[in-house]
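Participant: Questions regarding the structure given below will be posed in turn.
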Amino acid sequence: MSHTLSNVKNRTPVKVWLGAFAIGAVLLMLPFLLGATAGQGWIRILNFALLYVMLALGLNIVVGFAGLLDLGYIAFYAVGAYAWALLASPHFDLHLPFWIVLPIGVALAAMAGVALGFPVLKLRGDYLAIVTLGFGEIIRIFMNNLDAPVNITNGPQGINRIDTFKVGEWALGRPETILGFRITGPEKYYYLLMALVILIIFICIRLQNSRVGRAWEAVREDEIAAKAMGINTRSIKLMAFGMGASFGGVAGCLFASMQGFVSPESFGLSESIAILCMVVLGGMGHVPGVVAGALLLSIFPEILRNIVVPVQQTLFGDVIVDPDAIRMLLFGVALVAVMIFRPEGLWPSAVRKRELNSGKEKQA
Amino acid sequence: MSVLPHTPTATALGEPLLIAKGLSKRFGGLQALNDVSFDIRKGEIFGLIGPNGAGKTTLFNVMTALYIPESGSCQFQGVELTRLKPHEIATQGLARTFQNIRLFSALTALENVMIGQHLRTKSGLWGAIVRNKATRDEEARTEARALELLEYVGIAHVANEVASSLSYGDQRRLEIARALATSPALLALDEPAAGMNPSETVVLRALIEKIRDDGTTVLLIEHDMKLVMNMCDRVLVLEYGQVLSYGLPHDVQHDPRVIEAYLGKGAAQDPLLHPELETENKDESRHD
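Protein chains in written order, with the working numbering: chain A, 13 to 376; chain B, 18 to 305.
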């Protein structure tokens, strides 16, 4: 009778396969096309955009699926980044391989997520937002001050010369020539990040259409009713916090390895808010929407930056307004516009769109 | 309407499913429940009525562990409900609906009922990600059962509609389907007929009786006296948090204390007022 999940899954038309193949080919070639046309800098921007996609998808589990407003999400990114920085850098003279550091970073981030989850189990809405905001700041301040009495994080100077992602002796950070084909560090990272992003998207979609995913949505929609249905809201919420945080941990590890340097200032409140904006702008709870939101908000400002400066130079012969200031201004305008004209996000799920529209019809 | 009071069926004399003893609950200066004792027997429709503010919903919330009573006990199939957490109540086999509908409004009807089966299914995070055979089978079963339940309450045609877009009557029935999805031994309905028109109420009554006949005991809180008196096997009347009357609908209906509580002092003596007793309460506010 209906358009149910199993029905969709059973038939995968040729068109879909062709489409997927075409997208795959484009994604595979993207760094070379970009490197040839726009320069290596753009590959780095793209890599950061992919990190933001991971972060936005992680936050989407907490905010979009389970409906728990988290303003301190960047803390888990910080935990992942510092885990990598401490375990694979000259700081402690530890150079553990990625297959040890990455699981540790992810596990620590997930544990931090659960640790944040416990005290906020009974909070909702504004109160939850404030406590999570505080948590995010606590982590950052910890990183900032844990240089005395024992120097753990090296304080505000941060940790540098962090090991790059290495598989055996093959390092992702180094450019090299394979079969006469020169491939740079950022290009290699692009493939790693893209693989992880695809894995995370896959996990998110699977989770959403599962028993646990439905329980998250039940908690988001009505916690009391969820309890009455026998859902242990406590463990379900902790699961959301832990799962969301673990994606942040992955992103953090890769950030540290790619950047080679971490310092507390990368993990401020504004980053948490930027990630939340990506989730909200794209369409809370809708995986493709969140991916689009993250790409848009991380790449668009860079395009803008490259336009604003030349335009001013040709118009006024000088750079009058700092591109960063305009960036933030346009960022704000874009958000306000989305909230007014598309409150459900740029690319909401079909169900959510229908819900908001049916609400409008009823009011009219 | 039927003038004949409903005669209790043989099943109403089944063994006790739930035994409440001396339940008391106080909110500040208000004694919401005062020494309430009763039992619900297997296979009956048990009615809980009372004027507004009598403590019906409080009693309901005590039974479903949303409130902790000061004293008293509530044994359900030998398990003490007052010591459980709210989410453990459904596991024991007591499912409820809400007076003010509490559906998962952004989700479809089908998803709502699938969530109802949460506690009877068990796949976790890992199963969801790798989607192994056990998980796939469980998902298919969950979906099939959800469709079955939607069919059972008569709203299978809106299975893929968002819950908030359903009509009021359909939302009520969806709530019942969702509660039934937890496979309860006792289904507690908090004013299921509130806001329904007479024809919807007739359909609802048939549904509730069908649920009872199919082996689920029903606890019904209702303002619609006609519905309660015609349908229930036994009735408990609360007033000011105390048991005013308790027994067969016919006896309760003719209990002078009940008539006085509903119609005021002196009404018990006025034979002209008796017939109205069954319908007068409809005009009262839906909230207590």
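Ideal placement from N, C-alpha and C gives every residue a C-beta, glycine not left out.
In angstroms, rounded to a whole number, what distance separates the CA positions of Ala346 (chain A) and Val303 (chain A)?
Facilitator: 17 angstroms
Participant: Where DSSP assigns a beta bridge to Gln48 (chain B), which residues make up the other side?
Facilitator: For Gln48 (chain B), which the question treats as bridged, DSSP gives the partners B:Arg43.
Participant: Can we say the stretch 95-113 of chain A touches the stretch 161-180 of chain A, given the rule of at least three CB pairs closer than 8 angstroms?
Facilitator: yes
Participant: What does Glu239 (chain B) pair with, by DSSP beta-bridge criteria?
Facilitator: Residue pairing by DSSP places Glu239 (chain B) opposite no residue, since no beta bridge is assigned to it.
Participant: The beta strand (DSSP E) spanning Val254 (chain B) covers which residue range?
Facilitator: Val254 (chain B) -> beta strand (DSSP E) spans Arg251 to Glu256.
Participant: Can you tell me which of B:Phe77, B:Ser90, B:Ser122 and B:Gly232 puts its alpha carbon nearest to the alpha carbon of Arg189 (chain B)?
Facilitator: Looking only at B:Phe77, B:Ser90, B:Ser122 and B:Gly232, the smallest Cα-Cα distance to Arg189 (chain B) is reached by B:Ser122.
Participant: From Thr326 (chain A) to Leu308 (chain A), what does the alpha carbon distance come to, in whole angstroms?
Facilitator: When rounded, the distance between both Cα atoms is 27 angstroms.
Participant: What's the gap between the Cα of Ile106 (chain B) and the Cα of Leu236 (chain B)?
Facilitator: 15 angstroms
Participant: Starting from the C-beta of Leu108 (chain A), find all residues in its chain whose C-beta is less than 6 angstroms away, skip the five residues before and the five after it, and write them out in chain order.
Facilitator: If the five residues before and after Leu108 (chain A) are omitted, its C-beta is found closer than 6 angstroms to the C-beta atoms of Leu99 and Ala100, all from its own chain and listed in chain order.
Participant: Once you ignore the five residues that flank Leu342 (chain A) on each side, which residues in its own chain have a CB closer than 7 angstroms to its CB?
Facilitator: Leu316
Participant: Rounded to whole angstroms, what is the Cα-Cα separation between Ser182 (chain B) and Ala176 (chain B)?
Facilitator: Taking the Cα positions, Ser182 (chain B) is about 12 angstroms away from Ala176 (chain B).
Participant: Out of curiosity, what's the CA-to-CA distance linking Pro33 (chain B) and Gly64 (chain B)?
Facilitator: 15 angstroms
Participant: Can you pull the chain B neighbours of Thr245 (chain A), defined as C-beta to C-beta under 7 angstroms?
Facilitator: His104
Participant: Any idea if Met41 (chain A) is buried or exposed, counting beta-carbon neighbours within 10 angstroms, 16 or more meaning buried?
Facilitator: Exposed is the call here.
Participant: Of all the CB atoms in chain A, is at least one closer than 7 angstroms to the CB of Leu290 (chain B)?
Facilitator: Below a pLDDT of 50, predicted positions are generally treated as unreliable, and Leu290 (chain B), at 49, falls in that range; the measurement from the model is reported next regardless. With 7 angstroms as the cut-off, Leu290 (chain B) does not count as an interface residue toward chain A.
Participant: Using only alpha-carbon positions, find the residue among B:Met131, B:Leu167 and B:Val245 that is nearest to Leu62 (chain B).
Facilitator: Strictly speaking, residue 62 (chain B) in this sequence is Ile, with Leu absent from that position. Comparing Cα positions, the closest option is B:Val245.
Participant: Taking 7 angstroms as the limit between beta carbons, can you name the residues of its chain near Glu217 (chain B), skipping five residues before and five after?
Facilitator: Gly186
Participant: Does DSSP put Pro201 (chain B) in a helix, a strand or coil?
Facilitator: Coil.
Participant: Listed in chain order, which residues of the stretch 144-174 of chain B have Cβ atoms closer than 7 angstroms to some Cβ of chain A?
Facilitator: From the stretch 144-174 of chain B, only Ala145, Ile146, Arg148, Ala157 and Glu160 have a Cβ closer than 7 angstroms to chain A.
Participant: Kindly list, in the order they appear in chain B, the residues whose Cβ is closer than 8 angstroms to that of Leu81 (chain A).
Facilitator: Residues of chain B passing the Cβ test: none, with the nearest at roughly 16 angstroms.
Participant: I'd like to know whether the C-beta of Asp305 (chain B) is nearer than 7 angstroms to at least one C-beta of chain A.
Facilitator: Because the pLDDT at Asp305 (chain B) is just 43, under 50, the model does not fix this residue reliably, and the point stays unresolved.
Participant: If we call anything under 7 angstroms between Cβ atoms a contact, is Gly264 (chain A) one with Ala93 (chain A)?
Facilitator: yes
Participant: Taking Leu111 (chain B) as part of the beta strand (DSSP E), name the residues at either end of that continuous run.
Facilitator: Leu111 to Arg113
Participant: Can you list the residues of chain B that Leu208 (chain A) reaches, using a CB-CB cut of under 7 angstroms?
Facilitator: Result: empty, since nearest Cβ-Cβ is about 14 angstroms, beyond 7 angstroms.
Participant: Can you tell which of A:Ser258, A:Met270, A:Pro276 and A:Leu281 has its C-alpha closest to the C-alpha of Pro115 (chain A)?
Facilitator: A:Ser258
Participant: Between the stretch 294-301 of chain A and the stretch 346-359 of chain A, do three or more beta carbon pairs fall short of 8 angstroms?
Facilitator: yes
Participant: My understanding is that Ala68 (chain A) touches Met290 (chain A), with C-beta atoms under 8 angstroms, so please give their C-beta distance in whole angstroms.
Facilitator: Indeed they touch by this definition, with Cβ atoms about 4 angstroms apart.
Participant: With distance defined between alpha-carbon atoms, name the residue in B:Asp52, B:Arg43, B:Asn129 and B:Arg58 nearest to Arg229 (chain B).
Facilitator: B:Arg58
Participant: Using a Cβ cut-off of 7 angstroms (strictly closer), state whether Glu283 (chain A) contacts chain B.
Facilitator: No, its Cβ sits nowhere closer than 7 angstroms to a Cβ of chain B.
Participant: What residues in its chain sit with their C-beta under 8 angstroms from that of Leu145 (chain A), if we drop five residues either side in the sequence?
Facilitator: Leu83, Gly84, Leu281 and Ser284
Participant: Does the beta carbon of Val28 (chain A) come closer than 7 angstroms to any beta carbon on chain B?
Facilitator: It does not: the Cβ of Val28 (chain A) has no partner Cβ on chain B nearer than 7 angstroms.
Participant: Can you find the residues in the same chain that come closer than 8 angstroms, C-beta to C-beta, to Met213 (chain B), ignoring five residues on each side of it along the sequence?
Facilitator: Tyr185, Gly186, Arg189 and Leu221
Participant: Taking the beta strand (DSSP E) that Phe44 (chain A) falls in, what are its first and last residues?
Facilitator: Segment Val26 to Thr49 is the alpha helix (DSSP H) holding Phe44 (chain A); no beta strand (DSSP E) there.
Participant: Taking only the alpha-carbon atoms, compute the straight-line gap between Ile85 (chain B) and Ile236 (chain A) and give it to the nearest angstrom.
Facilitator: 15 angstroms
Participant: Name the DSSP bridge partner or partners of Tyr263 (chain B)?
Facilitator: B:Leu253
Participant: Helix or strand or just coil, what does DSSP make of Leu358 (chain A)?
Facilitator: coil
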